[in-house]
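Protein chains in written order, with this note's numbering: chain A, 63 to 173; chain B, 138 to 248. Virtual Cβ for every residue (Gly too), placed ideally from N, Cα, C. For clarity, every value in this text was computed on a predicted model and none was experimentally measured.
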């Protein structure tokens with residue numbers, strides 16, 4: 063079993079749609095959680111951290127359920143510019159941490 | 138801040154040749170990661186260092202791969218001898234305790 067698993071993609075949605083990505087992790091020692099975004103042929107970049115109480119950044123909402131070892135990302139009112147691959151990331155350990163990436167879910171927002 | 142700097146950006150080499158990838162992390166970051174990305178396997182963690190010390194190299198595929206971090210401002214990933222299946226994008230990332238920043242990657246093609 064992979065340490066971090068994500069919804070298989072791709073997700074094809076119209077502009078303005080709401081889309082949700084799910085992610086599960088297997089290591090209960092995981093300490094911190096993130097969503098990264100990767101555009102085609104570019105490096106991954108941090109989209110947002112995920113906090114236990116849930117957090118929101120504009121149209122993006124992240125949720126964490128430690129008991130179920132589950133992370134989600136909700137994108138509201140999707141834009142064409144949201145088209146990218148979204149990577150769920152888990153930090154394991156306390157020596158600077160080991161960052162493990164999920165396979166990523168590709169999102170394509172169409173006009 | 139120049140960010141994480143990787144070189145070369147592109148490398149094409151013949152099977153059997155030695156390949157050395159270089160990374161300069163962001164000053165002050167205490168963790169450094171090497172990842173490999175392919176379409177089939179996504180982003181795989183190869184090795185990570187904390188305070189210049191290798192912490193976990195369990196992702197290094199085989200003995201042909203080696204990584205060093207002689208000081209806080211430089212790391213190398215070496216493949217010797219290279220094989221066509223090593224073709225991928227290799228990313229270096231450095232992090233604080235909160236977030237990781239990626240270099241632009243080295244696109245390696247082994248023919």
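query, result
"Cβ of residue 202/B within 8 angstroms of any chain A Cβ", "no"
"Min CB distance residue 222/B to chain E below 8 angstroms", "This model lacks chain E altogether, as its protein chains are A and B."
"Residue environment, residue 104/A, which counts as buried when at least 16 other CB atoms sit within 10 Å", "exposed"
"Cutoff 8 angstroms: residue 217/B Cβ touching any chain A Cβ", "no"
"Rounded C-alpha distance that separates residue 163/B from residue 170/B", "12 angstroms"
"Distance between residue 123/A and residue 74/A (C-alpha atoms, nearest Å)", "19 angstroms"
"CB contact check: residue 135/A to chain B, cutoff 8 angstroms", "no"
"Where the beta strand (DSSP E) through residue 119/A begins and ends", "117 to 119"
"Span of the beta strand (DSSP E), counted from its first residue to its last, around residue 193/B", "190 to 193"
"Neighbouring residues, chain A, relative to residue 159/B (Cβ below 7 angstroms)", "Under the 7 angstroms cutoff, chain A gives no residues; its nearest Cβ is about 16 angstroms from residue 159/B."
"Short CB-CB distance (under 8 angstroms) between residue 118/A and chain B", "no"
"Among 154/B, 148/B, 182/B and 248/B, the one whose alpha carbon lies nearest that of residue 221/B", "248/B"
"Cβ-heavy atom distance, residue 152/B to the ligand ADP, below 7 angstroms", "Looking at this structure, you won't find the ligand ADP or any other ligand, since it has none at all."
"Contacts of residue 193/B in chain A (Cβ-Cβ under 7 angstroms)", "160"
"Boundaries of the beta strand (DSSP E) in which residue 133/A is found, first to last residue", "132 to 137"
"Spatial neighbours of residue 121/A in its chain, beta-carbon cut-off 7 angstroms, leaving aside the 5 residues before and after", "137, 138 and 139"
"Three-state secondary structure (DSSP) of residue 221/B", "helix"
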